[in-house]
Structures are given as structure tokens and as C-alpha cells.
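Protein chains in written order, with our numbering: chain A, 1 to 334; chain B, 1001 to 1334; chain C, 2001 to 2334; chain D, 3001 to 3334.
Note that beta-carbon positions come from the ideal geometry of N, C-alpha and C, so glycine has one too.
A quick note: this is a predicted structure, and the numbers were derived from the prediction, not measured.
Number of protein chains: 4
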Amino acid sequence: MGEIALPNGISNGNINGVNGQSHSLNGYRKSCWYEEEIEEDLRWCFALNSILHTGASQYQDIALLDTKPFGKALVIDGKLQSAETDEFIYHECLVHPALLHNPSPKNVFIMGGGEGSTARELLRHKTIDKVVMCDIDEEVVNFCKSYFVVNKEAFRDTRLEVVINDARVELEARDESYDVIIGDLADPIDGGPCYKLYTKSFYELIVKPRLKQGGIFVTQAGPAGIFSHTEVFSCIYNTLRQVFKYVVPYSAHIPSYADIWGWVMASDSPLDLSAEELDLRMRHRIKGENGYLDGKTFTSASTLSKTVRNSLDNETHVYTEESARFIYGHGKHA
Amino acid sequence: MGEIALPNGISNGNINGVNGQSHSLNGYRKSCWYEEEIEEDLRWCFALNSILHTGASQYQDIALLDTKPFGKALVIDGKLQSAETDEFIYHECLVHPALLHNPSPKNVFIMGGGEGSTARELLRHKTIDKVVMCDIDEEVVNFCKSYFVVNKEAFRDTRLEVVINDARVELEARDESYDVIIGDLADPIDGGPCYKLYTKSFYELIVKPRLKQGGIFVTQAGPAGIFSHTEVFSCIYNTLRQVFKYVVPYSAHIPSYADIWGWVMASDSPLDLSAEELDLRMRHRIKGENGYLDGKTFTSASTLSKTVRNSLDNETHVYTEESARFIYGHGKHA
Amino acid sequence: MGEIALPNGISNGNINGVNGQSHSLNGYRKSCWYEEEIEEDLRWCFALNSILHTGASQYQDIALLDTKPFGKALVIDGKLQSAETDEFIYHECLVHPALLHNPSPKNVFIMGGGEGSTARELLRHKTIDKVVMCDIDEEVVNFCKSYFVVNKEAFRDTRLEVVINDARVELEARDESYDVIIGDLADPIDGGPCYKLYTKSFYELIVKPRLKQGGIFVTQAGPAGIFSHTEVFSCIYNTLRQVFKYVVPYSAHIPSYADIWGWVMASDSPLDLSAEELDLRMRHRIKGENGYLDGKTFTSASTLSKTVRNSLDNETHVYTEESARFIYGHGKHA
Amino acid sequence: MGEIALPNGISNGNINGVNGQSHSLNGYRKSCWYEEEIEEDLRWCFALNSILHTGASQYQDIALLDTKPFGKALVIDGKLQSAETDEFIYHECLVHPALLHNPSPKNVFIMGGGEGSTARELLRHKTIDKVVMCDIDEEVVNFCKSYFVVNKEAFRDTRLEVVINDARVELEARDESYDVIIGDLADPIDGGPCYKLYTKSFYELIVKPRLKQGGIFVTQAGPAGIFSHTEVFSCIYNTLRQVFKYVVPYSAHIPSYADIWGWVMASDSPLDLSAEELDLRMRHRIKGENGYLDGKTFTSASTLSKTVRNSLDNETHVYTEESARFIYGHGKHA
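Have a look at this one:
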């Protein structure tokens, strides 16, 4: 067939218009698959509608896929980062608990978060004056800025300052301190780009000094399933409790990840709002409705199962510059 | 190569003894996969160690696979039923909450449950005098009796009566009533073998009359994820609340199912024990330690996320002999 | 991420420019696959670069994929039709042997062939005055016309007449007769759209009367592997030898089909040119160089292996309006 | 389910007896797959009936699978070596042409061939007094001896001497010379175990001196498809023509390999028997009927397509101790 021209003669749309269900059952649609190796011996596969974009930045491969089960999906270095249909679970859980536990959060620093969805959730809070998003990969930021219409408004918001830099370097360089600091980074892998941003010394010497009185740190903390929580979740929790007085681990199921996901919130001030207080603060402070999170949901999310709870209590490993734990595949992020 | 002999000359074991990690990474092991279509456009694949048994009964295909990620797995008609490493989550959640909420459960009727794990969990309760397990497929029962060493003791327990029959017919035929009736059946599919065991009329006319004063009914209720709960979970819940005064839906993540799973507990007596009361009753009544469930875990499991909670509240569909909802693939059970 | 915009801000190209090999090994590229079920128990999977086009005509699903191993691939109803890197094998084998065995072919009728590649090969013959391409699916013809730059010249050639019609009806309606008639159709499946175009009565009553004195009929004849040749190849051969004096089956391996493919050439005049005579005629009659076929190649292609040769000799099945044989999956073409 | 017992209570057979077609279509059978990466971007997958054996020797992983499309399959280090339904093609092509071109072959040396099928074909020749099979992996030899009933007779044949050693070392150490030497080894990979057995110096200094006057060397020569022949086939051919006066490359399609396979035969005496002479010698010398090969088949097999023929003619690469070419995946053999 040789070289291909893509004329406007036949557009995808009007042909698809003709297409009936019986077709899509037998036809090519089910023939194209995105396949992710969650573990070496475990695969998770989505039927594809199309491959919207593929490319690579200085740091990583980027792909935007249109998947049948989970809509548009951002894939970085062969690992699903975010899927259209359920990213709200991840981002609501990352952002709102910490902000709500703070009496009146005005400025927030995001380590990573180039996708823009974390900023989007932050900017829904009426108390927010300023959000600094510090991501190392400019191309990912530009990519998401252009593609993710749902975050367009956030990227345009004058309260958002986007900085392209290593979050550690940037945070160290800044004098201002923050009500909330958010870790929206790849998991801690020895040799991975983000490992240094999960160590005890980093939390002690760089994050804590940048938190205001009563400030709160929260980070995504990797898979938190009954088996997978030992990969990094329990260690991130244990590392943080070496540094902060109050540490709250919580988790939620994210269908496109085929697993429970975990977050850890930490502070030197108590983190003990009731479901009712959380609901009240949401009503007053957050513009629009949450899709996933409310007071009861957080109560449930922060009450871990017996298995995971005991495992976290008994975790002894602490992340230091010297020690690390691996999580499958993410090494590719390096 | 033609016909194959399987002499004792070379046994699997002693050869595997030689086998190093580097081998199993490159070698055939990752080349053999079990693949399940969770939905038409979603696949879940496990690397295989071996295929321990394959066969078919009068009703269904049976396979016992040795999978790398989840150990031995029972597959019926191409759908994973139970995996060695996490079946305890399913069975503890199915059995213990109902039994604990009952002041002193003596006799229990299991609809289905041929695998034997439900009986195993029941028989851990010191108050139990009698368990009737009524499964329609004798070959599955015999298969599990012979293969599942972990349930061998349960199958031998004199308190267990195994009946091969249609659970509806059997329950109808019996005069005795029960402290707890447990539904451990395939999901309700129109045309599926179990659909009739999820209808309002079945609950009203057959289950309820067989419950003692203060008796409790509990059933597995299909996937309960943020998207998947609408397949059958919300309808089972809504159907039961037409029939019982108190209805408690709850859920837990089962890794090998790649989803959250749901159960619904129903009674005309209140179902409102605190985490502490549950823990107390577990200590007094249950032999051995639970792997997954304790009081806090149940509190969390029975506090659904905002999304699912609202969806259940607003569910209007009721299962009747006339109406049904489908769940992907399970039609094969028919 | 929600709705997606596709701005020119980031083009595929300049990002890919950055991309190194190490990326494409780990990255998403290997994560996207086209999967074809060659048989129910046999799959053939190509890594995907992108999905260039998807749609459906009145008759079938159409997809144009960019595959890593075989370049652009045309997929109709989930079956690979033609791949950029090796379609020349199929089309040279379909067209040139018949034309070369004819002393001076002037006009040719193609049943099917909407892709345009068969016409392209025909029009390389200097003796050709007229080619009629009769395909039933106008959208496929338009699709290929617009996309397959390699066939653009052929589609523009004034000697080519494109007719949208059922080839049987069209051939019946025409009075003119042809030096060569070419069958470039889907395989004969009972109930399939093309079955009627492979029957003894069709060859006897419609094809043969439309052939000039010394005219030649040639048709693609499905898989011709040591196992797969019994699907349709041997029956097409046996059906044609009921109708024509001289019948020559031949075959060639087409990598993207993961099998040997077969063709059958038939006439009432001898078909016995030597390799040397074929090479001589190619030099004189065909513009440009063949990629695959020359005299020796045809000698080899028309000398079948012992297994297939004996199987064809012993074939007794004849395609009639009443009887048919199935070939896996192609039923979808119906 | 925990530990599994395998009682005789339920045997595979009698349960399978019950199993109907409708079952095997929906059921687990299609859920278990063997998957081979032919290239990094190309996969070939067989549905599995069972995994008969898995293990590892000192050198490699060994698996014996029961596949639906190709019967029992021997897989070494994740690469299919030999499939029950079509191994006869490979072994007839490897053995018979060389033996038939020799006026009266009495003794033969096999480098590799531990499976036993090469010896089996050799021992069908009435002229043979002695066959030396020299394989480095004793466990593979023992494995095949015990499992491949079809080769049992060959392994018992008193004319067969099995030696466990590096073929190069063994051949060097022996004084006796051979009518035919056969290379039945893994493909030449730089760093692979067999690379040294494909170099010009090996052929010149070790193989040739061990051949009797008029002796013939033949070796398997890797994939010989229109694209894949450049991996090693063309180089093996070109290397041999540096050393021998007469060199004949030939090829055949092996369905389970999803490709054409190649062999090269070399001698300092002419290799130019006609199809008729070959058929005559087969009748006189070989016990039993060939499944694949006869005179015409060899004529066809040794007449390569224009593409491959030209590519071989123009090949300039020669294997030496210093230079090598890679073939995908086989590096694992190292």
C-alpha cells in the first residue's frame, strides 16, 4: 500500500456514523489493545478506540490513548498515569483531605502534578490565593496544557504559577512557606527520578521547614492493596511517622489501576475532623460538587482493613538516601 | 513428537530444583497465561505455573489453574471463582458479619457454596450446630472436596450436611428454619441458573419464611466498584430493601477479581453493632484469627463511597421473575 | 482529563524526534497491539504505532493500522487484508502468471480488488488496453483510492474502469469477453458474500463464457499451508478442474498472513511456460521490476509439497450452490 | 484454597468425557495461552490444553506444552523448538537431502539434536551403520528420551551413540570421519552457545577435515522468510560458500514457527540430483514413507524466490570468531 495520505475526503466521523454495534463486536475495535504489565506476571488490557498521540520528552515516553473501558488515558513510559473516567478519584483524594484539615489554606506547593488535575482540584478551594506547580518535564506540562480541556481553566487561572524544575531544588530555593505541600510524583524507586523526594531527610530538612505553623503535607503513596501495600505504601507511612506527629494513611480503589491506591497525610497538628465537619467545610469552601469524596467516604478511606492496618503498624523500613524499595516497572521512569 | 509418556524418570520437582530466577524470567513461565475477559473490552491476565485440572460437569466447565500472581485458582466456565491467595477476603466477608450480628447462630443454610470455603468459615463459629450446604453441581462439590485440602476438615465436620439440589427447591421443601441463610451463588443473570434466587418473590416467599425470629439473610452481590456496582449490586440491594426492614450493603477489594466486591446483609432486626462489639463477639465466638475482617474493617466496608452510596439510594430496579439485569459473560453459567 | 483538544501546538513528529531507541523498547509502543484470531486457538499479534483510520461501510468494518512489523495494514471486519510490506507478494502472484501465460492480454475483468493493488499490477503490462474492476463496496474503493498513494496512479489510469456492483451480476450483464478474469474476493464461506463466486456453476455458466479463446481465469484460493490448504484451497482447485482442461495451483508464503497463500490458474489452453519463457515475457511486457516473482519463483511456487500435492489430487469436494466449506472467522464478512 | 491434593477420585479423562463443544468454546480452554515473541513487535499465541512438564537444566529452561493448534510442543527458554504436528517437516528437510545426495552414507555425526527426531530420521536409512548424536545438555536428552515415544525406538537403536559434550570439542577429539555431518543447533548468536559452531574457521578446520571424500555437511539455518532470511540464513549460506565448492540453500514453511525455515547443504562434490533420482533413492534406501519430502518437494524447496535468491547472492557477511549477527530473543540461550 506504500505511503499513506490522509485526505479529508473520508473523515473518521462520518464513516463511524454508519457503524453499527454488530460491527464493533466483530470488527477491528476489539482487535486493538493497550496492555500493561502491572507485575511481571500480571497484565491489564484495555481495548483501544485509537492512539491519539505518541511522543517522547527529554525524560520519558508520552502516549495519549483512547481506551474503550476508561476513556482517554495518559500513559508515561508504558505505565498508565491517569484515565479520563476515574482520575477524579485520585485527585480528589490527593487534594481535599489535606486542604480541608487545614483551617484556611491560602498557598500550596505541588511537587510534580504536571497533568494539571491536582491544580484543578486545588483551585476549586475558595481560600486559595496561590498554587505553585513544580514539574521537571516541560513537555509533559505543555502536552497536558494543550490536550486536557478539563484542566484548561486551571492552567489559565492567575493563582497558578507553573515552574519547570526539580521539586527538591525548587522547594529548597524558596523562602516562602506553605499551608499545604502536595507530593504528586512517581513512586519512590531506587535509582528512580523521585526517590530522593520520599526520604526521611527530605521530609525533615526540606518539606517540614517549608510548612507554615499547622501546615500539612500529603503525598500519593503507591498501591495500597492487601498485597501491594508493602511495595511502598507502608514504607512511605513509616518514614513520615518518623518526622511528623500526626500521620493519616488512607486509600481508595481506582478501577483503571486495577488496584487500591494509597495516600498519606502528615502534620504536627492533629488531623481528626469528623465526617460531619468535613462535609461542612466542603460545602463552604469548595466550588462545585465532588464526584467521589465526602466526609463518610474519607472516614471509610482512612479506616484501613485489618491486614493493611497491622502491616503498616509493624512496618520498620524507613526511606533514606541509602535504602530504597522497588516497585515493578517504574524503574523505567528513571 | 507424537504420543507422550509420563514416566517417573524425571519429576517436575527435582528439575525445578535446578531452576534459577534468571531462568523463570526469560523462560517459558511468563509464556503461559490465563486470560479472563472481565468485560468485552477489558482483560485480566495471570502468568501460569501449570494447569492442574480441567474438566466439565453436567452444568459447567471446571478448571484448576496454578497461577503465579494468585496461587491456585478455580475457574468455572472461563470465569475466576476463587483464588488461593485472597479467597479468605470473600469468604470472611460473606460469612462473619451476618453470624456476628445474630445473637447466637446455631443453624445456617448455604445456597450454593460447593467450594466448601463458606462452610469452612461458618464452622469456625462455636455456636454453630448445623450447616446445610445445598449446591446443584455434585461434580464441583466432589472436585473441591478432593482438591481443596484447606477445606478438607470442613467437609469432614459432622455438623455439615451437603445436599445436591436446586437451592430454591430444597429450601422450599424444608420445614426447619434458620438463624442465617447465605447466598453464595453465581450472579443474577436473566436466563442464568441463579436468577430466580435473587428475585423479590423468592426473598419474600421462600427465604424470609425460613428465617427464625431475628434471622439474617446475606448474599454475595457481585462487583461493587465505582462503575461496576450498577451491574447487579445496586439492584440486589434495592430488591432486598423491598423485603427486609434493615439492609446493609458492604464491599471489599479482591485483588484477583480486579475489582471491589459487594455483599448485602438483610434482616427485620437491627444490624447496628459497633466495631468494638464486633471485635468482642469475634474473640468469643470464632476459632482462630481472621485474615481480613475485624470490627473496624467492617465499619469501613459498610461505609460506601459517596458515588456508590448515592447510586444505591437512587436505585429503583427490583428483580422479579419478569425483569433482570445482565452481567458480562456470566451468561455462560446458563 | 475529560474532553480532548488536538491543537497543532505539539505535533507527533517533533516529539518523536526526541525519542530514542531505549524509549521505544520500554515505552508505550510495545503496549499497543493488533490481535488477530487466525483460528479460534491461534493468535497473531502486531505491535501498533498508531490507528490511522477506523470506520465502517454498508458491508463491513474498515480499519487502517500502522503496525510495527508490517507497516500500514488494511483490516476488514477484524481480518488483515493487506499489509504495506508484503502485499506485493500476493498481488504479483495473483496477476502476473495468468497474464504472462496469455499470448497478448488486452482486457481483464477483476472481481473485487477494491484495494487497487491488483489493478496496479495489471496496468504494468504494456499489452493491456482495458481493466474492469468490479467491487461491491464503494466505500472501500473510495477509502483505498484516497489512502493508498502507491495505487493512486493506477486509479487515475484511463484504462481502468471502476464499477460498483456484485461481480456476478456485472459479469453476467456484460457481452464483451476477456483475455483474463481475476478473482480477488473474500474466501468462499457458506453464507459469506462471495460463496456464489466460487461454485462450479458460476465458473461454467458465467466465467467461462466471458473468456476469449485461450482466455485464462485465476483466483486467490485461500490459505495453502500444509494444514490450512484443506480449508478452501483444495476445493477451489478441485472445483476448477471440473470446468477447465488445464488447472495450475500455486502458493507463496505471505509473512503478515502467518501462512502460505494459494492461487489457482485455469484455462482450456495449456499453461506450461518454462521459467525462461516467463522471464523473457516479463522483460518484454511488464514495466518495472517485480519484487517477488520471476520464472524460477513461479516454477517453485507451482511445485507443491508432497503433502499438499497429494491432498489436492485426492480432493473430491466440489463447490456448488448447495455445498460449502467454512474458513474460520470469515463468516464475519457476511 | 491452600494446598492441593491430586487424588485419583476425579480423573481428567472421565470428566473431559462429559465436556461438550459448546463448553470448550466458552470455557477455560481458550483462556489459557502460550505466547511467543517471535520478534519484539510480533507475537504468536497458541491456546493451551495443558502444561505437561516444566523444569530447567543446567543450561536452559525446558517446557512441554499440550497446545490446541500444534499438539505437544517442546519449548526451550521460551522459544518453541518442536511441535508434534509439524516437526516432521523440519527433520525430514534436515536429514534426507544430504543423505540422499551421498552415494551410500554409513556413519553420521549430529551436532546437537538432543530431541532425538534427527536420529530417528537418520536411522530410517538402511545404509546407516552408525549415528553419533552429540548434545551438550544431558537433561534435555533424558527428558526427550523419556517423553517422546515417537523417538523411543531411535533412542534404543544400537546404531545410535549418544555423547554428552560440546559438539566442537567432541568433533575435534575424534579421528574417525563421516559421510554426513549434521548441524541441529540453536541459531548463531554472538555470545550464544552455538555461535562458534557456525564460523568459517569451524567449518574449515573442524567440520571439513572430519568429512570423508564426497562427504556432505548440512545445517539448519534459521528463518528463511522474505524478510527474516537476512537474520542468519543468508550469512550461513555465504559463510559455507567460502569453504565448500557446492552449497545448496533450501527452505520450507513450518506452520508452528509462523515462518519459512532454512537449511544449507554443502560439499566439495556436486549436489545435483534430479527429482526423479531423489525419488528413486528414497524408495530404495528409506524405510517407510516421508510425510513431507519427495523429489519434487526438494526441487521446489531448493528453488528460492527471486527476493531471497538475490539477497543470498549478494550477501557479503561471513561468520568469524570476531563477527556475528543477532537473531531476536535467542540471546537467552546464552
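Checklist entry - With burial defined as no fewer than 16 other Cβ atoms inside 10 Å of the residue's Cβ, what is the status of A:L205: buried or exposed? => result For the purposes of this step, residue 205 of chain A is taken as residue 205 along the first sequence, with counting starting at 1. A:L205 comes out exposed.
Item to check | Identified DSSP bridge partners for B:Y1203 | outcome: Counting from 1 along the second sequence, the entry for residue 1203 of chain B is found at position 203. For B:Y1203, which the question treats as bridged, DSSP gives no partner whatsoever.
Next on the checklist: I'd like to know whether the C-beta atoms of A:R285 and A:K126 end up nearer to each other than 8 angstroms.
Outcome noted: Stepping through the first sequence from its first residue, residue 285 of chain A is reached at position 285. Stepping through the first sequence from its first residue, residue 126 of chain A is reached at position 126. A contact, by the Cβ cut-off of 8 angstroms.
Checklist entry - What is the rounded straight-line gap between the Cα of A:T307 and the Cα of B:F1088? => result In the first sequence, counting from the first residue as 1, residue 307 of chain A sits at position 307. In the second sequence, counting from the first residue as 1, residue 1088 of chain B sits at position 88. When rounded, the distance between both Cα atoms is 12 angstroms.
Checklist entry - Roughly how many whole angstroms lie between the Cα atoms of A:R29 and C:G2078? => result On the first sequence, position 29 is the one that residue 29 of chain A refers to. On the third sequence, position 78 is the one that residue 2078 of chain C refers to. With a pLDDT of only 40 at A:R29, under 50, the local geometry of the prediction cannot be trusted, and no value is derived from it.
Next on the checklist: To the nearest angstrom, how far is the alpha carbon of A:E35 from that of A:W44?
Outcome noted: The residue you call residue 35 of chain A lines up with position 35 of the first sequence. The residue you call residue 44 of chain A lines up with position 44 of the first sequence. When rounded, the distance between both Cα atoms is 6 angstroms.
Next on the checklist: Short of 8 angstroms in beta carbon distance, which residues of its chain neighbour B:N1151, apart from the five on each side in sequence? Order them along the chain.
Outcome noted: Indexing the second sequence from 1 puts residue 1151 of chain B at position 151. Spatial neighbours of B:N1151 in its own chain (CB-CB distance under 8 angstroms, excluding positions within 5 residues in sequence) are listed in chain order as E1115, G1116, S1117, A1119, R1120, C1144, K1145.
Item to check | DSSP state of C:R2283 mapped onto helix, strand, coil | outcome: If you number the third sequence from 1, residue 2283 of chain C lands on position 283. In this structure, DSSP gives C:R2283 a helical state, which the three-state scheme calls helix.
Checklist entry - Using a C-beta to C-beta distance shorter than 8 angstroms, which residues of chain A count as neighbours of C:S2031? => result Locating residue 2031 of chain C in the third sequence gives position 31, counting from the first residue. Counting only Cβ-Cβ distances below 8 angstroms, C:S2031 has contacts in chain A at Y34, E35, E36, A63, V75, G78, in chain order.
Checklist entry - Where does D:L3278 fall in DSSP's three states? => result For this step, residue 3278 of chain D is matched to residue 278 along the fourth sequence. Helix.
Checklist entry - C:D2259 and C:P2223: beta carbons closer than 8 angstroms? => result By 1-based counting over the third sequence, the position of residue 2259 of chain C is 259. By 1-based counting over the third sequence, the position of residue 2223 of chain C is 223. Yes, they are a contact pair.
Checklist entry - Taking the continuous beta strand (DSSP E) assigned at B:L1064, which residues delimit it? => result As a first step, residue 1064 of chain B is located in the second sequence; it is residue number 64 there, counting from the start. Its beta strand (DSSP E) spans residues 1061–1067.
Item to check | Coil, strand or helix - A:P188 by DSSP | outcome: One-based indexing of the first sequence puts residue 188 of chain A at position 188. A:P188 falls in the coil class under three-state DSSP.
Item to check | DSSP state of D:R3043 mapped onto helix, strand, coil | outcome: Counting from one through the fourth sequence, the residue named residue 3043 of chain D turns up at place 43. Looking at D:R3043 - three-state DSSP - the assignment turns out to be strand.
Item to check | For D:C3235, three-class secondary structure by DSSP | outcome: Taking the fourth sequence and counting its residues from 1, one reaches residue 3235 of chain D at position 235. Helix, per DSSP.
Checklist entry - CB-CB under 6 angstroms to D:D3166, same chain, minus the five flanking residues each way: which ones, in chain order? => result Position 166 of the fourth sequence, counting from 1, holds the residue named residue 3166 of chain D. Around D:D3166: I3136.
Next on the checklist: According to DSSP, is A:S177 part of a helix, a strand, or is it coil?
Outcome noted: As a working note, residue 177 of chain A is residue 177 in the first sequence. DSSP places A:S177 in coil when its eight states are reduced to three.
Item to check | Members of the region 2035–2060 of chain C that neighbour chain A once the beta carbon cut-off is set at 9 angstroms | outcome: If the cut-off is 9 angstroms between Cβ atoms, the region 2035–2060 of chain C has E2035, E2036, E2037, C2045, L2048, N2049, S2050, I2051, L2052, H2053, T2054, G2055, A2056, S2057, Q2058, Q2060 near chain A.
Item to check | chain C contact residues for D:G3225, given Cβ-Cβ distances below 8 angstroms | outcome: By 1-based counting over the fourth sequence, the position of residue 3225 of chain D is 225. Within chain C, the C-beta atoms nearer than 8 angstroms to that of D:G3225 come from H2253, P2255, in chain order.
Checklist entry - Which whole-angstrom value describes the C-beta separation of B:L1177 and B:K1200, a residue pair presumed to lie in contact below a C-beta threshold of 8 angstroms? => result If you number the second sequence from 1, residue 1177 of chain B lands on position 177. If you number the second sequence from 1, residue 1200 of chain B lands on position 200. The question names Leu, but residue 1177 of chain B is Ser in the sequence shown. Not quite, the Cβ-Cβ distance comes to about 20 angstroms (not below 8 angstroms), so this is no contact.
Checklist entry - In three-state DSSP terms, what is D:Y3319? => result To locate residue 3319 of chain D, count along the fourth sequence from 1; it is residue 319. Three-state result, D:Y3319: coil.
Checklist entry - If we ignore side chains and look at the alpha-carbon of each, how far apart do D:K3296 and C:P2097 end up? => result Reading the fourth sequence from its first residue, position 296 is the one you call residue 3296 of chain D. Reading the third sequence from its first residue, position 97 is the one you call residue 2097 of chain C. Taking the straight line from one Cα to the other gives about 20 angstroms.
Checklist entry - Which residue spans inside the region 2111–2144 of chain C form an unbroken alpha helix (DSSP H) run of at least 4? => result 2117–2122
Next on the checklist: Within 10 Å of its beta-carbon, does D:M3072 have 16 or more other beta-carbons around it, so buried, or fewer, so exposed?
Outcome noted: Start at 1 with the first residue of the fourth sequence, and residue 3072 of chain D comes out as number 72. Residue identity differs from the one stated: residue 3072 of chain D is Lys in this sequence, not Met. Buried, because 16 or more other Cβ atoms sit within 10 Å of the Cβ of D:K3072.
Item to check | Three-state secondary structure assigned by DSSP to A:E289 | outcome: Taking the first residue of the first sequence as position 1, residue 289 of chain A is located at position 289. Three-state result, A:E289: coil.
Checklist entry - Taking any Cβ of chain B, which residues in the region 283–294 of chain A have a Cβ under 9 angstroms from it, in chain order? => result Within the region 283–294 of chain A, the residues whose Cβ lies closer than 9 angstroms to some Cβ of chain B are N290, G291, Y292, L293, D294, listed in chain order.
Checklist entry - Whose C-alpha, out of D:I3062, D:A3083, D:L3160, is nearest the C-alpha of D:K3068? => result As a first step, residue 3068 of chain D is located in the fourth sequence; it is residue number 68 there, counting from the start. Ranking D:I3062, D:A3083, D:L3160 by Cα distance to D:K3068 puts D:A3083 first.
Next on the checklist: Contact criterion: CB-CB distance below 8 angstroms. Does A:N26 meet it with respect to chain B?
Outcome noted: Looking up residue 26 of chain A in the first sequence gives position 26. Bear in mind that a pLDDT of 39 at A:N26, under 50, signals an unreliable position, so the model cannot answer this.
Checklist entry - Around the Cβ of A:N314, are there at least 16 other Cβ atoms within 10 angstroms (buried) or fewer (exposed)? => result Within the first sequence, numbered from 1, the residue matching residue 314 of chain A stands at position 314. Exposed: under 16 other Cβ atoms inside 10 Å.
Item to check | For A:N310, the three-state DSSP class (helix, strand or coil) | outcome: Against the first sequence, residue 310 of chain A aligns to sequence position 310. Three-state result, A:N310: helix.
Next on the checklist: Buried or exposed for D:R3124, going by 16 or more other Cβ atoms inside 10 Å?
Outcome noted: By one-based count along the fourth sequence, residue 3124 of chain D stands at place 124. The residue in question, D:R3124, is buried, as its Cβ has 16 or more Cβ neighbours within 10 Å.
Next on the checklist: For a cutoff of 8 angstroms on Cβ pairs, would you count D:A3258 as touching chain C?
Outcome noted: Position 258 of the fourth sequence, counting from 1, holds the residue named residue 3258 of chain D. Yes, because at least one Cβ of chain C sits closer than 8 angstroms to the Cβ of D:A3258.
Item to check | Limits of the beta strand (DSSP E) - the one that D:L3211 falls within | outcome: Residue 3211 of chain D sits at position 211 when you count from the first residue of the fourth sequence. 3211–3223 is the span of the beta strand (DSSP E), which, as asked, contains D:L3211.
Item to check | Separation of B:T1219 from A:I226, as counted between CA atoms | outcome: As a first step, residue 226 of chain A must be located in the first sequence, where it is residue number 226. As a first step, residue 1219 of chain B must be located in the second sequence, where it is residue number 219. Each residue's Cα considered, the two are about 23 angstroms apart.
Checklist entry - What is the rounded straight-line gap between the Cα of B:P1188 and the Cα of A:Y237? => result Looking up residue 1188 of chain B in the second sequence gives position 188. Looking up residue 237 of chain A in the first sequence gives position 237. Rounded to whole angstroms, B:P1188 and A:Y237 show a C-alpha spacing of 41 angstroms.
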